[in-house]
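So the protein sequences, as listed, match chains A and B. Residue numbers are given in my numbering: position 125 of the first sequence equals residue 125, and the series is strictly consecutive. Whatever position you read off the second sequence (first residue = 1), add 1000 for my numbering. From the three backbone atoms N, C-alpha and C, an ideal C-beta is built for every residue, glycine too.
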Amino acid sequence: MSAILRKRKKRYAMAMDMRKCVGCNACVLACKAENDVPEGGFRCWVEIEIRGAFPDLKQRIVSSRCMHCADAPCVSNCPTGASFYSEGGAVQVDPDKCTGCKACIAACPYGARFVRPEGYVDKCTFCMHRVAKGKDPACVEVCPTESLVFGDLGDPESSLAKLLARRQHETLKPEQGTEPHLFFLS
Amino acid sequence: MNEIVRVHHNPLSALGQPVWHWEIPVYLFLGGLAAGVMIVSALLARRFADGGADASETSQRSPWGRLMILAAPAALWLGMFALLLDLDLKRHVLRFYTTFQLSSPMSWGAWILLAIYPATLLFGLSQTTESERDWLAAKLRIGALRRILEGLHSWAQQRQRTLTWANIALGVALGAYTGVLLGALGARALWSSSLLGPLFLVSGFSTGAALTMLLPLTHREHALLRNWDMIAIGVELALLALLFVGLVSGAQAGQRAAALFLGGRFTAIFWALVVVAGLVVPLALESIEVLRRRRAALVAPVLLLVGGLALRWILVVAGQSPLG
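In structure tokens:
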């Protein structure tokens, strides 16, 4: 009982199973619809990488988005505090403070950000408006192969924490030292 | 062979399209120019203040050399206008001044810029003669201005030493921050170097000296600026060499960034415009001026200004271009 009552720190994160993803783009479309993402901008996208020479080819499909880094260069380079860490370490943009200076876009190693037609910068929010109601992010909910798993790493009993403990995983561009929190299961 | 197919990606950030366009290199150039003008003006004032006791020909100042500092706030104002044009949400521009973000060089810069206007204007005013102040007050046709100018002038003149050092310090801060700003963006391999701060600082110093040397200065003023400028060019060449050594000997992304200039797309324009025309030729011309005791020509300063703009333009464009 005491373990439950003890206050622990939330740390939201996501795992993406490269063995399960078929590149159907349902996550991309669900995100666009859920978050009213304007034309030309994407909070979530799919990358298909084909390596090797025919006929010896290997394909890797990745559903990607903001990595919600623990040491996010977009946050540290933002001159107005518009980019910030919200509850659970998710990286957010406050449109009210954003000047559209694009320092965060230049700073992001993952290309996760874009400028909305209104002039402020937009990106994946981990669907915090849904998470606050106990739901999964839109991309996770629609994934037909269940290759996306969202959860709280601060809770060792969460399905995400258990999945990451069990499966081999990697992050993108770890050499940038940003401590990304989108984990790719291989 | 590897093939990557990206389905729906933000075109701005990952496909090698630039985030920043002409506004940023123009601002970086004008900011560096303002920084250089501040530093050389303050150094000149210090040098002449030391030998001010004797009224010989060498202690004379030209009005242009004395008042050149006023070009700094003008250049900065133009540069800040370019920055404003770059903002995608211009009506939020005051958000820069409702906060201070310790980890953001851009936030530091925003506040440094603000401090430069009073520092340069007061320093400039302290350098004016009474007749120049009279002329200004008469020109603007504001009765009270005469008294305000006199009051500010005597206030500033009593604090000449402090103002001189404030202009040197703020000039160094402005010149260095324009480079640190890019250097803090680790995602762009070419920029990700702490050498960009000192590089942009010495380049700014050099362009500031060059702009001043375009004016009708006294012989001693010109000679001092030219000598300082020759040192600055030497340091700048050394820093450029170190920048490439750092990139080539570092991580793979840095090596690919260096390759843009060592055989890649930017090789010809960078070496021709920045290194040869912008640094080596002016250094040679200034050396000839010294050795042969030739009269000063305007070619070297003009080349230095072109080279300073080209340096920033090429680094900003190349830093955002896809690596080969």
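Report buried or exposed for residue i, applying the criterion of at least 16 other Cβ atoms within 10 angstroms of its Cβ.
i	result
Q1320 of chain B	buried
A1272 of chain B	exposed
A1053 of chain B	Here A1053 of chain B scores only 49 on pLDDT, less than 50, and its place in the model is too uncertain to base an answer on.
Y1117 of chain B	exposed
V1299 of chain B	exposed
F1081 of chain B	exposed
F54 of chain A	exposed
P1198 of chain B	buried
R43 of chain A	buried
E1286 of chain B	buried
R1294 of chain B	exposed
F1029 of chain B	buried
R19 of chain A	exposed
A1072 of chain B	buried
For a test of the three-state rule: what should DSSP assign to residue i, helix, strand or coil?
i	result
A1053 of chain B	In this prediction, A1053 of chain B has a pLDDT of 49, which is less than 50 and means its spatial position is unreliable; what the coordinates show is noted afterwards. Of the three classes helix, strand and coil, the one that applies to A1053 of chain B here is coil, per DSSP.
R1292 of chain B	coil
M14 of chain A	strand
C24 of chain A	coil
R8 of chain A	coil
D152 of chain A	strand
C31 of chain A	helix
G177 of chain A	coil
G1263 of chain B	coil
T1099 of chain B	coil
V37 of chain A	coil
V1275 of chain B	helix
A1318 of chain B	helix
Q1255 of chain B	helix
G1308 of chain B	helix
L1242 of chain B	helix
F1270 of chain B	helix
F1123 of chain B	helix
L1237 of chain B	helix
L1298 of chain B	coil
P1282 of chain B	helix
R1133 of chain B	helix
L1323 of chain B	coil
S1107 of chain B	helix
W1313 of chain B	helix
E1150 of chain B	helix
R19 of chain A	coil
P55 of chain A	coil
S158 of chain A	coil
R1226 of chain B	helix
G1143 of chain B	helix
S1287 of chain B	helix
Thinking C-alpha only, which one of the options is nearest residue i?
i	options	result
G111 of chain A	A:A90, A:D136, A:C66, A:K58	A:C66
A1045 of chain B	B:L1201, B:T1162, B:R1295	B:T1162
V1281 of chain B	B:L1114, B:L1303, B:L1067, B:A1318	B:L1303
P1025 of chain B	B:V1316, B:M1106, B:V1235	B:V1316
S1049 of chain B	B:Q1252, B:V1274, B:E1221	Correcting the residue type first, residue 1049 of chain B is Ala in the shown sequence and not Ser. Here the closest residue by C-alpha is B:E1221.
C21 of chain A	A:Q59, A:K32, A:A13	A:Q59
V37 of chain A	A:L148, A:K97, A:P117	A:P117
G1151 of chain B	B:R1133, B:P1018, B:L1247	B:R1133
N77 of chain A	B:A1241, B:A1075, B:L1181, B:V1172	B:L1181
N25 of chain A	A:H169, A:E175, A:L163, A:L148	A:L148
G1186 of chain B	A:S63, A:E39, A:V75	A:V75
A106 of chain A	A:G151, A:M18, A:V121	A:V121
G1251 of chain B	B:L1262, B:A1189, B:I1288	Note that residue 1251 of chain B is Ala in the sequence shown here, rather than Gly. Of B:L1262, B:A1189, B:I1288, the residue nearest in Cα terms is B:A1189.
R11 of chain A	A:C69, A:R51, A:K32	A:C69
C124 of chain A	A:L160, A:I48, A:S86, A:Q176	A:S86
T1098 of chain B	A:A90, A:R113, A:L163, A:A82	A:A82
W1191 of chain B	B:W1155, B:W1313, B:M1230, B:S1107	B:W1313
T1178 of chain B	B:W1020, B:G1032, B:W1022	B:G1032
F1123 of chain B	B:Q1101, B:M1230, B:G1171	B:G1171
T1128 of chain B	B:D1088, B:N1227, B:S1062	B:S1062
I'd like to confirm the pairing. Which residues does DSSP put opposite residue i in its beta bridges?
i	result
H169 of chain A	A:L185
R65 of chain A	A:C44
Is it the case that the CB of residue i approaches a heavy atom of the ligand NAP more closely than 7 Å?
i	result
V28 of chain A	Looking for the ligand NAP in the displayed structure turns up nothing, as the structure carries no ligands at all.
Entirely enclosed alpha helix (DSSP H) segments - the stretch 71-150 of chain A, minimum 4 residues | Correct list: 73-77, 103-107, 128-131, 138-142.
Tell me the start and end of each unbroken alpha helix (DSSP H) in the stretch 1018-1089 of chain B that is at least 4 residues and wholly inside, in chain order.
-> 1023-1050, 1063-1067, 1071-1086
Completely contained alpha helix (DSSP H) runs for the stretch 1157-1223 of chain B, where each covers 4 or more residues = 1160-1183, 1196-1213
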